[in-house]
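Engineer:
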Amino acid sequence: MSIETLVQQANLSSTAFNKENFDEVVMSTYGRFPIALEKGLGCRLWDTEGKEYLDFVAGIATCTLGHAHPKIIEAVTQQIQKIQHVSNLYYIPEQGELARWIVDNSCADKVFFCNSGAEANEAAIKLARKYAHTVLDIDNPIILTANASFHGRTLATITATGQPKYQKNFNPLVPGFNYVPYNDIDAVEAAIGELDEGNYAVGAIMLEPLQGEGGIRPGDVKYFQKLRSICDETGILLIFDEVQVGMGRSGKLWGYENLGIEPDVFTSAKGLGGGVPIGAMMTKKFCNVLQAGEHASTFGGNPFACAVATTVCHTLEKENILQNVCNRGEQLREGLRNIASKYPQHIAEVRGWGLINGMELQADIELNAIDVVKAAMKEGLLLVPAGTKVVRFVPPLIVTEAEVNTALQIVDKVMGQMKG
Ligand SMILES: *Cc1c(COP(=O)(O)O)cnc(C)c1O
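Written out as structure tokens, the structure reads:
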């Protein structure tokens, strides 16, 4: 079957959709927008009513190559006909190929595969705990994380997440986490010092190179460089959660490249599979902390997910997509800053790296990010909030100059409609 036929087929199906039927049987754990998306091509999506949208959400920074990308269709089709799942009881060549690419294209020496961002962070947390016990000889290891961070929705990762709203009513939380303000080196030093007595001590520091859900806050270069030297001196493990910012989204392949340092451990998920669920934890040097039998995942790194993720990686590289991320990111930020200067009463700041950007609304007005997102959706542009006041722009990394212009026109129009 030709790629053209496959692309067409992927975009032809039509689903009868009824919201009430859906809500009757699916748990209401999400505040859903009242549309159902059924087809996509590139950066465009269509809902079940036939309305077209420009996609600046990309499944929340996940659909790296957009929708119905010919390379993904080809990889999915070929792999599913060969083999889909076998278990890590056996060697999985596709896993080896993906790990080889990641190792060749990062500071990592080895990779552990799982299925999501939270799981990748869980793996990192387990590695950090065992490292603290067996190498640093700490009885009660503490992992420092940042206020306003986001690390996932499992019990350990909501505990790691420095935002009470994700933890409320789920206590008792997992012990062994303390929080510090982001980009504040004195706070880290104080937190390490405070614990230095007794048998509690900091074993690891886990941070996002750029805080995503917390409001698109880029890490400060000086802060992270100082953090690196503290970790080098003390043996404290430096863990980076690259689930949202990694895999090219920042304009560099990994977020840490923007900070001029390398982490000891880092995690990836969202963009890695281009929409196929896969997560990964990478480590430099600390490859033998977790031994056979100490961590596992049934689906982790299965042939299907790995073959697709490898295709995403190769396509990023061969089609020089990082250059597009840098160019389109600059175009987007410049355009948003122009809009911000037109509506200074509404917009406080525009910031980000590559194609992960935030437009922060003024704190002292009633207007929230969700209001802008809803208005943009009406105009055919999909956006997503990052916290209450920040509108997030995370389009597929293949977004074109014309598409960025269209998005900017819609944002300009929508901001023009906003009151107070
Ligand atoms: C989305 C996200 C996670 C959680 O990933 P899941 O795949 O939803 O478990 C963790 N960390 C960061 C930084 C994220 O953006």
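Letter by letter, the sequence shown follows residues 599 to 1018 in the numbering used here. Just so you know, even glycine gets a beta-carbon here, dropped at the ideal spot from N, CA and C.
Which class does residue 1055 belong to by DSSP, given the choice of helix, strand or coil?
Structural biologist: Any question about residue 1055 goes unanswered here, given that the chain covers just 599 to 1018.
Engineer: Quick check on DSSP: helix, strand or coil for residue 647?
Structural biologist: Here residue 647 refers to the residue found at position 49 when the sequence shown is read from its first residue. Three-state result, residue 647: coil.
Engineer: Under the assumption that residue 758 contacts residue 776 (Cβ atoms under 8 Å), give the Cβ distance between them as a whole number of angstroms.
Structural biologist: Translated into the one-based positions of the sequence shown, residue 758 becomes position 160. Translated into the one-based positions of the sequence shown, residue 776 becomes position 178. Not a contact, Cβ separation roughly 10 Å.
Engineer: Check whether the Cβ atoms of residue 750 and residue 801 lie closer than 7 Å to each other.
Structural biologist: Translated into positions along the sequence shown, residue 750 becomes position 152. Translated into positions along the sequence shown, residue 801 becomes position 203. No. Outside cutoff.
Engineer: Flag this pair as touching only if the stretch 880-891 and the stretch 960-977 have three or more C-beta atom pairs under 8 Å; answer yes or no.
Structural biologist: Result no; under three Cβ-Cβ pairs closer than 8 Å.
Engineer: Using beta-carbon positions only, say whether residue 878 and residue 656 come within less than 7 Å of one another.
Structural biologist: Here residue 878 refers to the residue found at position 280 when the sequence shown is read from its first residue. Here residue 656 refers to the residue found at position 58 when the sequence shown is read from its first residue. The answer is no: Cβ separation not under 7 Å.
Engineer: From residue 1026 to residue 754, what distance separates their C-alpha atoms?
Structural biologist: Within the shown structure, residues of the chain are numbered from 599 to 1018, placing residue 1026 beyond reach of any answer.
Engineer: One question on the structure: do residue 621 and residue 633 come within less than 7 Å of each other, judged by their Cβ atoms?
Structural biologist: The count along the sequence shown starts at 1 and reaches residue 621 at position 23. The count along the sequence shown starts at 1 and reaches residue 633 at position 35. Not closer than 7 Å, so no.
Engineer: Pick helix, strand or coil for residue 626, following the three-state DSSP scheme.
Structural biologist: Within the sequence shown, residue 626 is the residue found at index 28, counting from 1. Reduced to three states, the DSSP call for residue 626 is coil.
Engineer: Taking 6 Å as the cut-off, is the beta-carbon of residue 714 closer than that to any non-hydrogen atom of ligand 1?
Structural biologist: Within the sequence shown, the letter at position 116 stands for residue 714. Yes - ligand 1 has a heavy atom lying nearer than 6 Å to the Cβ of residue 714.
Engineer: Report whether the distance from the Cβ of residue 910 to the nearest heavy atom of ligand 1 is below 6 Å.
Structural biologist: In the sequence shown, the residue the question calls residue 910 occupies position 312. For ligand 1, not one heavy atom lies less than 6 Å from the Cβ of residue 910.
Engineer: At a threshold of 6 Å, does residue 748 count as lining ligand 1 (C-beta to nearest heavy atom)?
Structural biologist: Start at 1 with the first residue of the sequence shown, and residue 748 comes out as number 150. Flag set: Cβ of residue 748 near ligand 1.
Engineer: For the structure I just gave you, are there three or more beta carbon pairs, one from the stretch 831-839 and one from the stretch 674-692, closer than 8 Å?
Structural biologist: With the cut-off at 8 Å, the stretch 831-839 and the stretch 674-692 do not touch.
Engineer: Run through DSSP, which three-state label would residue 906 get?
Structural biologist: As a first step, residue 906 must be located in the sequence shown, where it is residue number 308. Residue 906 falls in the helix class under three-state DSSP.
Engineer: Expressed to the nearest angstrom, what Euclidean distance is found between the alpha-carbon atoms of residue 619 and residue 625?
Structural biologist: The residue given as residue 619 occupies position 21 in the sequence shown. The residue given as residue 625 occupies position 27 in the sequence shown. Approximately 12 Å between the Cα atoms of the pair.
Engineer: Suppose the cutoff is 8 Å on Cβ atoms and the five residues either side in sequence are ignored; what does the same chain contact list for residue 985 look like?
Structural biologist: Start at 1 with the first residue of the sequence shown, and residue 985 comes out as number 387. Within the same chain, residue 985 has close Cβ partners 746, 811, 812, 813, 967.
Engineer: Report buried or exposed for residue 729, applying the criterion of at least 16 other Cβ atoms within 10 angstroms of its Cβ.
Structural biologist: Here residue 729 refers to the residue found at position 131 of the sequence shown. So residue 729 counts as buried.
Engineer: Under 7 Å, do residue 821 and residue 859 count as touching if we go by C-beta distance?
Structural biologist: Residue numbering aside, residue 821 sits at position 223 when the sequence shown is read from its first letter. Residue numbering aside, residue 859 sits at position 261 when the sequence shown is read from its first letter. It is not a contact, given that the beta carbons lie outside the stated cut-off.
Engineer: Kindly examine ligand 1 and report whether one of its heavy atoms sits closer than 6 Å to the Cβ of residue 810.
Structural biologist: What you label residue 810 is simply residue 212 of the sequence shown in a count that begins at 1. At least one heavy atom of ligand 1 is nearer than 6 Å to the Cβ of residue 810, so yes.
Engineer: Using 10 angstroms around the beta-carbon of residue 683, count the other beta-carbons present and answer buried if the total reaches 16, otherwise exposed.
Structural biologist: If you number the sequence shown from 1, residue 683 lands on position 85. Classification of residue 683: exposed, given that the 10 Å Cβ count is below 16.
Engineer: Between residue 618 and ligand 1, is the CB less than 6 Å from at least one heavy atom?
Structural biologist: The residue given as residue 618 occupies position 20 in the sequence shown. Residue 618 Cβ: outside cutoff for every heavy atom of ligand 1.
Engineer: Who does residue 665 pair with in a DSSP beta bridge?
Structural biologist: Position 67 of the sequence shown holds residue 665. According to DSSP, residue 665 bridges with 640.
Engineer: With DSSP run on the structure shown, which of helix, strand or coil describes residue 688?
Structural biologist: Reading the sequence shown from its first residue, position 90 is the one you call residue 688. The answer is coil: DSSP assigns residue 688 none of H, G, I, E or B.
Engineer: Per DSSP, which one or two residues make a beta bridge with residue 863?
Structural biologist: In the sequence shown, counting from the first residue as 1, residue 863 sits at position 265. DSSP output for residue 863 lists 837, 881 as bridge partner(s).
Engineer: Tell me whether residue 894 is buried or exposed, calling it buried when 16 or more other Cβ atoms sit within 10 Å of its Cβ.
Structural biologist: Translated into positions along the sequence shown, residue 894 becomes position 296. With fewer than 16 other Cβ atoms within 10 Å, it is exposed.
Engineer: For residue 951, tell me which candidate among 1000, 817, 760 has the shortest Cα-Cα distance.
Structural biologist: For the purposes of this step, residue 951 is taken as the residue at position 353 of the sequence shown. Answer by Cα proximity: 817.
Engineer: Give me, in chain order, the residues of the same chain whose beta-carbon lies closer than 7 Å to that of residue 781; leave out the 5 immediate sequence neighbours on both sides.
Structural biologist: Your numbering for residue 781 matches position 183 in the sequence shown. 817, 818, 821, listed in sequence order.
Engineer: Taking the alpha-carbon of residue 900 as reference, which of 773, 686, 815, 741 has the nearest alpha-carbon?
Structural biologist: Position 302 of the sequence shown holds residue 900. Residue 686 is the option with its Cα nearest to residue 900.
Engineer: CB-CB under 8 Å to residue 642, same chain, minus the five flanking residues each way: which ones, in chain order?
Structural biologist: One-based indexing of the sequence shown puts residue 642 at position 44. Around residue 642: 650, 651, 652, 653, 665.
Engineer: Tell me whether residue 962, by its Cβ, gets closer than 6 Å to a heavy atom of ligand 1.
Structural biologist: Along the sequence shown, one-based indexing puts residue 962 at 364. Outside the cutoff, so no.
Engineer: Indicate the three-state DSSP secondary structure (helix, strand or coil) for residue 1013 in the structure shown.
Structural biologist: Reading the sequence shown from its first residue, position 415 is the one you call residue 1013. In the structure shown, residue 1013 sits in a helix (DSSP, three-state: H, G or I).
Engineer: Tell me whether residue 955 is buried or exposed, calling it buried when 16 or more other Cβ atoms sit within 10 Å of its Cβ.
Structural biologist: The residue you call residue 955 lines up with position 357 of the sequence shown. Answer is buried; the Cβ neighbour count reaches 16.
Engineer: Cβ of residue 923 within 7 Å of Cβ of residue 995?
Structural biologist: As a working note, residue 923 is residue 325 in the sequence shown. As a working note, residue 995 is residue 397 in the sequence shown. The answer is yes: Cβ separation under 7 Å.
Engineer: For residue 875 and residue 867, I'd like the C-alpha separation in whole angstroms.
Structural biologist: Position 277 of the sequence shown, counted from the first residue, corresponds to residue 875. Position 269 of the sequence shown, counted from the first residue, corresponds to residue 867. Residue 875 and residue 867: Cα-Cα distance of roughly 8 Å.
Engineer: Using a threshold of 7 Å, state whether the C-beta atoms of residue 846 and residue 807 are closer than that.
Structural biologist: Within the sequence shown, residue 846 is the residue found at index 248, counting from 1. Within the sequence shown, residue 807 is the residue found at index 209, counting from 1. Contact: no.
Engineer: Please tell me whether residue 706 and residue 909 are closer than 7 Å, where the distance is taken between their beta carbons.
Structural biologist: Residue mapping note: residue 706 aligns to position 108 of the sequence shown, counting from 1. Residue mapping note: residue 909 aligns to position 311 of the sequence shown, counting from 1. No. Outside cutoff.
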